[in-house]
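Taking the UniProt record's numbering, the leading residue of the sequence shown gets 1, the next gets one more, and so forth.
Before any comments, here is the structure.
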Amino acid sequence: MAAPEDDMFSLCVDPTKVSSCVEVRFIDKIKVMYCSNECRQAAADQYHRALCLGSSQEDPNHPISKLKDAWRSMHYPPETSSIMLMARMVATVKQAQDKGHWQKLFSQFSSRAANEEEEIAHKLLGEKFQGQLNLLRTLFTTALYDDHLNRWFTPEGFRSLFSLVGTNGQGIGTSSLSQWVHACDALALTSQQREQLDSFIDQLYKDVEKETGDFLNCEGSGLFLLQSACNHSCIPNAAASFPSNNFLLHLSALSDISPGEEIGISYLDCCQRDRSRHSRHKILRDNYLFICSCPKCVSQMDELDLTSDEEEEEEEEEEGGGRGG
Numbered sequence: 001m002a003a004p005e006d007d008m009f010s011l012c013v014d015p016t017k018v019s020s021c022v023e024v025r026f027i028d029k030i031k032v033m034y035c036s037n038e039c040r041q042a043a044a045d046q047y048h049r050a051l052c053l054g055s056s057q058e059d060p061n062h063p064i065s066k067l068k069d070a071w072r073s074m075h076y077p078p079e080t081s082s083i084m085l086m087a088r089m090v091a092t093v094k095q096a097q098d099k100g101h102w103q104k105l106f107s108q109f110s111s112r113a114a115n116e117e118e119e120i121a122h123k124l125l126g127e128k129f130q131g132q133l134n135l136l137r138t139l140f141t142t143a144l145y146d147d148h149l150n151r152w153f154t155p156e157g158f159r160s161l162f163s164l165v166g167t168n169g170q171g172i173g174t175s176s177l178s179q180w181v182h183a184c185d186a187l188a189l190t191s192q193q194r195e196q197l198d199s200f201i202d203q204l205y206k207d208v209e210k211e212t213g214d215f216l217n218c219e220g221s222g223l224f225l226l227q228s229a230c231n232h233s234c235i236p237n238a239a240a241s242f243p244s245n246n247f248l249l250h251l252s253a254l255s256d257i258s259p260g261e262e263i264g265i266s267y268l269d270c271c272q273r274d275r276s277r278h279s280r281h282k283i284l285r286d287n288y289l290f291i292c293s294c295p296k297c298v299s300q301m302d303e304l305d306l307t308s309d310e311e312e313e314e315e316e317e318e319e320g321g322g323r324g325g
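The following block contains the structure:
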């Protein structure tokens, strides 16, 4: 995972220089690997000591293990919010000498009103969100309570923290399949070969997504202070990616950006951006709880509220039991 500063909450993955944590061998069933002893020490100095299970890594009754298991049963794989990302925020403040610095840094992420926070929690946790949220808060408090952060452990404060991560979190995707598909774009093929390859790739993605759902390109969640300040646009002038196959986010311009011009990224994929204004708004409202007023949406205000053909086809597939139904 990653977070506000360049290497905060991160796992480095340079295979030529690997060092394992000497205290904890597994986190969420995955071996913790660092690119160097320096990187491992930096993680330990920043947050890892407060979360280290030590000899209790196999103990299912350890408070942190119980917190992870509860989250996994409620919401797995990690989508826009991760309970352990919240735990690392707390751990960072617990270990920091200058606790005010980190609290101020976290306060720079956008927040929501109470009713919006409740909507986000409801979306992330489903119909039983209130009971699940209370259980998470209880486990979170037992595992990590700190007097300096007492507000984060109250019902209102925990919901705000949960919403902050859900609102600002960036999914981290380093799918090798995506890399392979992009490499295929550079192949010199005849029109017939290109058509056959595209058809194969489309079917491959459909088959894989039957198993992964929406999580094919999401291996975790991170907080990035500058990226989180970028608003959505249906005609983005920048895009976030992870070209180095690690936690480092790259924000790249898609077109010339003038001084003073707002940087906009898209919360929709390229296919969704081609849909009607009505369909785009439905996706953004359902998933991100806002109504888009980007230049493209404003220019299409007079269009009829029509549902895109692609969306109608997807709804028909879902009604017919498609995609894992």
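Don't be surprised by glycine CBs; every beta carbon is placed ideally from N, CA and C.
Computed from a predicted structure; not experimentally measured.
- One thing to note: Q170 has its Cβ within 8 Å of the Cβ of S221.
- In this structure, G173 lies away from F247, with their beta-carbon atoms at least 8 Å apart.
- The residue among K210, I235, A143 with its C-alpha nearest the C-alpha of N61 is A143.
- DSSP places Q170 in the strand class (E or B) of the three-state scheme.
- Here T190 is exposed, its C-beta having fewer than 16 other C-beta atoms within 10 Å.
- The C-beta distance from C234 to K296 rounds to 4 Å, short enough to fall under 8 Å.
- In this structure, M74 is the residue among L85, V208, M74 with its C-alpha nearest to the C-alpha of G126.
- Here the segment 86-95 lies against the segment 37-53, with 3 or more beta-carbon pairs under 8 Å apart.
- The Cβ atoms of A240 and Q227 sit closer than 8 Å to each other.
- Inclusion of Y47 and Q95 in the CB contact set at 8 Å is warranted, their separation being smaller than that value.
- Around the Cβ of K68, a 10 Å sphere holds 16 or more other Cβ atoms; the residue is buried.
- In the DSSP assignment, the residues bridged to G222 are Q170.
- Under DSSP, L289 shares a beta bridge with no residue.
- By a beta-carbon distance limit of 8 Å, L139 contacts K66. Their separation comes to about 6 Å.
- A check of alpha carbon separations from Q97 across A229, H148, Y267 identifies H148 as the nearest.
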